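**Q**
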Amino acid sequence: MKKKIVCTLCPIGCELEVEIQEGKVVSVEGSLCERGVKYAKDEIENPTRCISSSIPVRGGKRYETVSVKTSSAIPKDKIFDVMNKIKKIQLKAPIKLGDIIIKNVLNLNVDIAATRNIEKDKSK
Amino acid sequence: MKYDRFVDLVVIGGGPAGLSTAISAKKNGIDDILLLERELCLGGILNQCIHDGFGLHLFKENLTGPEYAQKQIDELKTLNISYLTDAMVINLTKSKELEFIHRTGHKLIKAKAVILAMGCRERTRFNIQIPGTRPSGIYTAGTAQNLVNLQNIKIGKNILILGSGDIGLIMARRLTLEGMNIAGVYEIMSYTAGLERNIQQCLNDYSIPLFLSSTVTEIFGKGRIEGVNIGKVDKDLKPITHSERFVKCDTLLLSVGLIPENELSKKAGVKITDFTGGAVVDSELQTNIEGIFSCGNVLQIHDLADYASLEAKRAGYFAARYIKSKQKRYNRYKINFCEKIKYASPNYIVENKEAIIVSFRIKKPAKNVVLIVKDRENNILVKKKFIRLLPSELIQIKLEREVKSDIYLEIE
Ligand SMILES: Cc1cc2nc3c(=O)[nH]c(=O)nc-3n(C[C@H](O)[C@H](O)[C@H](O)COP(=O)(O)OP(=O)(O)OC[C@H]3O[C@@H](n4cnc5c(N)ncnc54)[C@H](O)[C@@H]3O)c2cc1C
Ligand code: SF4
């Protein structure tokens, strides 16, 4: 099977024509550099993504939520499972950028970490 | 006139451009700086951009918007640069007097130099004129981003997105992850406005349909929006009669472009160009008003915050030099461009020893083209091949050689 994908690793954006057999990449055409070949292999055989979301926070100064992200990329087919874990959470201020909110989520060896500082609102 | 304060340099806006430019001016020897930001927090639009993809150029790291902003805020604080939040600048004059409103009152200050870094705002339904009723449930993509990411507000269940700008694409993914349905992304042009990476990772990853050469021709619904008519358009972007079909939705997001926020600049007499909606500047990012500089999205729309920061860094450097030397202006040459190019910035070149950075955007997607920069004697200053050029990408080139005449950018 042939599939067309665009390499997004650099602004040139080579259009790659990938030959796939039984889920494995057998050839890649159209890439200007080696990174494109690896990109095509990863995208077809083991696509991963970083995801970010926000979690409601109580008692925070200026913010109702804290933004979070996966500490590294997760398999694409696990995105919604991880989102379901994130959606169950509620947090309390204060929170520091880099705080681990969920450790080793779904045993993927990836943490969910805060990406913003949330101070405690003393008046609340 | 009684001023509350005299300052060497005032920076208006505390987004990535304002933060970078203040940091750069300080590092280039200006100690008396005041940065004014109208919101309660520094960071500008980055605060609501919780996705990653920032910082790859500036920090060589893949950061989310808030993380990128925090790095710059930390540096600002380490350098002891003074700033005020909740401080909205309401007037600016040619002689660099600024009026702003702060919780401590209404202030009037005078600066030796001012750097404009007010960012941009989104085009609205009013700007693009869609007929129909006026129900609720219509947001710009950036407003939706703010409501969902910062205020934890659910904006709807079945969302239709008009325009394929990056913010719309990013919201399509974000809302899908939150469990909402995206009824489709509709783009009037025959190509997308957003970056290729966002088309893949925000739409294709989630099988969200994208319809090109299509637009919303009418909005329906009393109270809340109930749906829209979608029409195909011809090559002059006019809706084709009888091509319309009704699509149900309870929310409409508009991602139809950004406009530099230059109301304040105009008050000071800063000349604005129709090509970008930003100020006319020279290669030192100085406007027609001496001592007023412009950078970031208020100058031209940058698709990457990194580029806004890098441009701002240069503005800070030149503003610092201006304050220290009070130098007279050198000769200025004009930058011209061919009809395939939508715009080029800066507009003029100042004769000096610095490398000149020119950014430009193409009008329509093109493949295998060559950019040639020539001077008046037809000497070639730059020749660069591009396998692919897209309107969604702002391209920057560097002119190393000293320029001594008008220059011309040509795409072949
Ligand atoms: C909704 C939206 C989403 C975006 N998403 C992305 C993205 O995902 N990735 C990306 O790379 N780029 C994104 N951009 C582009 C982004 O704006 C730029 O990359 C970058 O933020 C530009 O920085 P800036 O400092 O020029 O503008 P901004 O970040 O907009 O900062 C301008 C600041 O000036 C302040 N200000 C304006 N007027 C006044 C005044 N009169 N007085 C005091 N303060 C004032 C504003 O409050 C604001 O904080 C987005 C833009 C918008 C509008
Ligand atoms: S294949 Fe190489 S040159 Fe082509 S887009 Fe990917 S990284 Fe860039």
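Same order as they appear, the protein sequences are chains A and B.
Under our numbering, the residues of the first sequence are numbered 59 to 182, in order.
Under our numbering, the residues of the second sequence are numbered 17 to 428, in order.
We put the beta carbon where it would ideally sit given N, CA and C, even for glycine.
Please read these numbers as outputs of a predicted model, since none were measured by experiment.
Thinking C-beta only, is A:LYS119 closer than 8 angstroms to A:GLU77?
**A** No.
**Q** Does any residue of chain B bring its CB to less than 8 angstroms from the CB of A:PRO69?
**A** Taking Cβ atoms only, chain B reaches closer than 8 angstroms to A:PRO69, which makes this a yes.
**Q** Please list the partners that B:ASP221 has in chain A, where partner means a Cβ-to-Cβ separation under 9 angstroms.
**A** The contacting residues are PRO105, ARG107, LYS134 and ILE137.
**Q** I'd like the span of the alpha helix (DSSP H) that includes B:SER341, first residue to last.
**A** Run containing B:SER341: 321-341, per the alpha helix (DSSP H) assignment.
**Q** Measuring only from the beta carbon, is B:ARG213 closer than 7 angstroms to any heavy atom that is part of ligand 2?
**A** No, the Cβ of B:ARG213 stays beyond 7 angstroms of every heavy atom of ligand 2.
**Q** Figure out for me which residue from B:LEU405, B:GLY30 and B:ALA199 has the closest Cα to the Cα of B:ASN384.
**A** For B:ASN384, the nearest C-alpha among the options comes from B:LEU405.
**Q** Which same chain residues, not among the five before or five after B:ARG337, have their C-beta less than 6 angstroms away from its C-beta?
**A** Answer for B:ARG337: no residue qualifies.
**Q** Going by other Cβ atoms of all chains shown within 10 Å of its Cβ, with 16 needed for buried, is B:PRO225 buried or exposed?
**A** So B:PRO225 ends up on the exposed side.
**Q** What residues are listed by DSSP as bridge partners for B:GLY200?
**A** B:GLY200 is bridged to B:LEU176.
**Q** Among the residues of its own chain, which have a CB less than 8 angstroms from the CB of A:ILE137, if the five just before and after it don't count?
**A** Around A:ILE137: ARG107 and ILE109.
**Q** Would you check if there are 3 or more beta carbon pairs closer than 8 angstroms linking the region 264-274 of chain B to the region 130-147 of chain B?
**A** In short, these stretches touch, since the Cβ pair count reaches three.
**Q** Please look up how many angstroms separate the CB atoms of B:LEU74 and B:LEU326, rounded, as I've assumed it's under 8 angstroms.
**A** With a Cβ gap of about 7 angstroms, B:LEU74 and B:LEU326 count as contacting.
**Q** Would the C-beta of B:GLY239 count as close to ligand 2, meaning under 7 angstroms from any of its heavy atoms?
**A** It does not: the Cβ of B:GLY239 is nowhere closer than 7 angstroms to a heavy atom of ligand 2.
**Q** Using the beta-carbon count (16 or more within 10 Å), is B:HIS258 buried or exposed?
**A** Exposed is the call here.
**Q** Between the alpha carbons of B:GLU426 and B:LEU415, how many angstroms are there, rounded?
**A** Looking at the two C-alpha atoms, the distance is approximately 15 angstroms.
**Q** Contact defined as beta carbons within less than 8 angstroms: I believe B:GLY332 pairs with B:SER152. What is the distance between those atoms, to the nearest angstrom?
**A** 43 angstroms between Cβ atoms; not a contact.
**Q** Let me make sure I understand the geometry here. Which of B:ASN197, B:ILE171 and B:ASN162 has the alpha-carbon closest to that of B:ILE183?
**A** Out of B:ASN197, B:ILE171 and B:ASN162, B:ASN162 has the C-alpha closest to the C-alpha of B:ILE183.
**Q** What residue does the beta strand (DSSP E) around A:SER125 start on, and which one ends it?
**A** A:SER125 -> beta strand (DSSP E) spans 123-128.
**Q** Taking contact to mean 3 or more Cβ pairs, one atom from each stretch, closer than 8 angstroms, check whether the region 146-157 of chain A and the region 25-44 of chain B are in contact.
**A** Because the criterion of three Cβ pairs below 8 angstroms is not met, the region 146-157 of chain A and the region 25-44 of chain B do not touch.
**Q** Is there at least one Cβ from chain A nearer than 8 angstroms to B:GLN316's Cβ?
**A** Output row for B:GLN316: interface = no.
**Q** Determine the burial state of B:SER310: buried for a count of at least 16 other Cβ atoms within 10 Å of its Cβ, exposed for fewer.
**A** It is buried - the Cβ of B:SER310 has at least 16 other Cβ atoms within 10 Å.
**Q** According to DSSP, is B:VAL286 helix, strand or coil?
**A** Coil, per DSSP.
**Q** Please report the straight-line C-alpha distance between A:LYS61 and B:GLY210, rounded to a whole angstrom.
**A** Taking the straight line joining both Cα atoms gives about 22 angstroms.
**Q** Using only the alpha-carbon positions, how far apart do B:GLU234 and A:ILE147 sit?
**A** For B:GLU234 and A:ILE147, the distance between alpha carbons rounds to 40 angstroms.
**Q** Taking the alpha carbon of B:ASP266 as the point to measure from, which residue in B:VAL249, B:PHE236, B:GLY247 and B:LYS283 has its own alpha carbon closest?
**A** The residue with the shortest Cα to Cα distance from B:ASP266 is B:PHE236.
**Q** Would DSSP call B:MET104 helix, strand or coil?
**A** Strand, per DSSP.
**Q** What are the start and end residues of each continuous alpha helix (DSSP H) run of 4 or more residues lying completely inside the region 181-242 of chain B, in chain order?
**A** You should have 182-193.
**Q** Pull out every residue of the region 147-166 of chain A whose Cβ sits closer than 8 angstroms to any Cβ of chain B, in chain order.
**A** Listed by position along the chain: LEU155.
**Q** Against chain B, with Cβ distances strictly below 8 angstroms, would A:VAL76 count as a contact?
**A** For A:VAL76, the answer is no, since every Cβ of chain B falls outside 8 angstroms of its Cβ.
**Q** Are the beta-carbon atoms belonging to B:ALA129 and B:GLY285 less than 8 angstroms from one another?
**A** Going by C-beta atoms, B:ALA129 is not nearer than 8 angstroms to B:GLY285.
**Q** Could you tell me the boundaries of the alpha helix (DSSP H) in which A:LYS96 lies?
**A** 92-103 is the extent of the alpha helix (DSSP H) around A:LYS96.
**Q** From the DSSP secondary-structure annotation, give me the bridge partner or partners of B:CYS136.
**A** DSSP output for B:CYS136 lists B:PRO276 as bridge partner(s).
**Q** Any contact of the region 78-98 of chain B with the region 51-68 of chain B, i.e. 3+ C-beta pairs under 8 angstroms?
**A** Judged by Cβ distances under 8 angstroms, the region 78-98 of chain B makes contact with the region 51-68 of chain B, as three or more pairs qualify.
**Q** Have a look at B:VAL244, B:GLY312, B:ILE413 and B:ASN44 and flag the residue whose alpha-carbon is nearest the alpha-carbon of B:LYS401.
**A** Nearest C-alpha to B:LYS401: B:ILE413.
**Q** Mind checking A:ASN104: buried by the 16 CB within 10 Å criterion, or exposed?
**A** Label assigned to A:ASN104: exposed.
**Q** Consider the Cβ of A:TYR97: report whether some Cβ of chain B lies at a distance smaller than 8 angstroms.
**A** It does not: the Cβ of A:TYR97 has no partner Cβ on chain B nearer than 8 angstroms.
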